[in-house]
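Q:
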Amino acid sequence: MTHKGSCHCGRIAFEVEGDIGQVIECNCSICSRRGYLLWFVPRDRLRLATPESDLATYTFNTARIRHHFCPSCGCAPFGFGSGQSGVAGAAVNVRCLEGVEPSSLKIVPFDGRSR
Ligand SMILES: [Zn+2]
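Residues in the sequence shown are numbered consecutively from 41, following this note's numbering.
(1) Is Ser112 helix, strand or coil when you go by DSSP?
(2) In terms of residue numbering, what span does the alpha helix (DSSP H) encompassing Ser122 cover?
(3) Does DSSP put Ile52 in a helix, in a strand, or in coil?
(4) Name the DSSP beta bridge partners of Tyr76, please?
(5) Rank Asp151, Thr42 and Gln62 by C-alpha distance to the C-alpha of Leu145 and give the top, closest one.
The following block contains the structure:
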């Protein structure tokens, strides 16, 4: 199915195709601060409905992952990057998807802090 997502003010809006199987709750420095609940999908399953130039971007460490957020309201709906295989992926924060109830999802803890 198609999931619609956005930041709080709507400057960033997007759609993601697929079924949310499980989401990752990671305890690394950025995931814990942002409260991410992440659903990983191939990059081409996410389609932006608003201009890419409206995305603010934060990177750190190896800068392999581009953590995008809204410069107006500050919400962080997704990040883009490529895995070990080099395939482009998107990490979608399911908290920014419409009609998705986090407590109904299978939440898998990931110990990113120790990596
Ligand atoms: Zn916003």
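Yeah, the Cβ is synthetic: ideal placement off N, Cα and C, and Gly gets one too.
A: In brief:
(1) coil
(2) Unbroken run through Ser122 is the beta strand (DSSP E), Phe118 to Ser122; no alpha helix (DSSP H).
(3) coil
(4) In DSSP, Tyr76 forms no bridge with anything.
(5) Gln62
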